[in-house]
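In our numbering, the protein residues as written are 17 to 222.
Idealized CB from N, CA, C, for every residue including glycine.
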């Protein structure tokens, strides 16, 4: 009887530890947690897809550009409501991401007046899903009380990628025409996000 309890106890601990490794929560402001998150992105080998309402954190912007220029594929969905269209900071961020990456970073924006983006999330290499209350802004990581969930469960990652693909095709593709930011219907962008799924990981086949 004692052996049975001992075996059950070890199995429970193994299961608990496995689930713990698959799901992790970080809280901000906390510089160590930010460095942990930043280094996960830095270790990207294939692609990052992200749905983030706002970005102004210079470290993250420079990292995304560096990754894109190093051959990683970066796909971003951002908000672009009426009050942002003429916002100089928003335009500067878009310009830096596109121009510095030589248009390797692909961006679509949500211009729908009454439809906000869902919770911020990103997927790294099809192996890690990050959902968070934080935008990729300095205030989100240094001043606001925010949370971040790191999820390595295969089913959750695949489902979120499918949601991302559906959203991608609904919004406006960002480019430049005559040195001005232009928004095109996604069908006009000549860009289609395609992924293939395997039991071990999700692989970008573009």
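Buried or exposed, going by whether 16 or more other CB atoms sit within 10 Å of the CB of residue i?
{"i": "residue 84", "result": "buried"}
{"i": "residue 164", "result": "buried"}
{"i": "residue 73", "result": "buried"}
{"i": "residue 132", "result": "exposed"}
{"i": "residue 67", "result": "buried"}
{"i": "residue 222", "result": "Unreliable positioning characterises residue 222 in this predicted model, as indicated by a pLDDT of 40, which lies under 50. A coordinate reading is not provided."}
Please report the Cβ distance between residue i and residue j, rounded to the nearest whole angstrom; I am assuming they are in contact, meaning their Cβ atoms lie under 8 Å.
{"i": "residue 124", "j": "residue 93", "result": "5 Å"}
{"i": "residue 65", "j": "residue 71", "result": "Not confirmed; about 14 Å, so no contact."}
{"i": "residue 54", "j": "residue 141", "result": "The Cβ separation is near 15 Å, so there is no contact."}
Could you check where the beta strand (DSSP E) with residue i kicks off and where it finishes?
{"i": "residue 163", "result": "162-167"}
{"i": "residue 90", "result": "89-95"}
{"i": "residue 67", "result": "63-67"}
{"i": "residue 137", "result": "136-140"}
Within the continuous alpha helix (DSSP H) that includes residue i, where are the two ends?
{"i": "residue 158", "result": "154-158"}
{"i": "residue 77", "result": "74-85"}
{"i": "residue 133", "result": "Counting along the chain, residue 133 falls outside any alpha helix (DSSP H), and DSSP gives it neither H nor E."}
In whole angstroms, what is the alpha-carbon distance linking residue i and residue j?
{"i": "residue 90", "j": "residue 183", "result": "16 Å"}
{"i": "residue 157", "j": "residue 137", "result": "15 Å"}
{"i": "residue 151", "j": "residue 118", "result": "24 Å"}
{"i": "residue 61", "j": "residue 81", "result": "14 Å"}
{"i": "residue 168", "j": "residue 176", "result": "12 Å"}
{"i": "residue 173", "j": "residue 166", "result": "11 Å"}
{"i": "residue 48", "j": "residue 108", "result": "28 Å"}
{"i": "residue 20", "j": "residue 139", "result": "At residue 20, the pLDDT of 47 sits below 50, so the modelled position is not reliable; the number obtained from the coordinates is stated separately. Cα to Cα, residue 20 sits roughly 41 Å from residue 139."}
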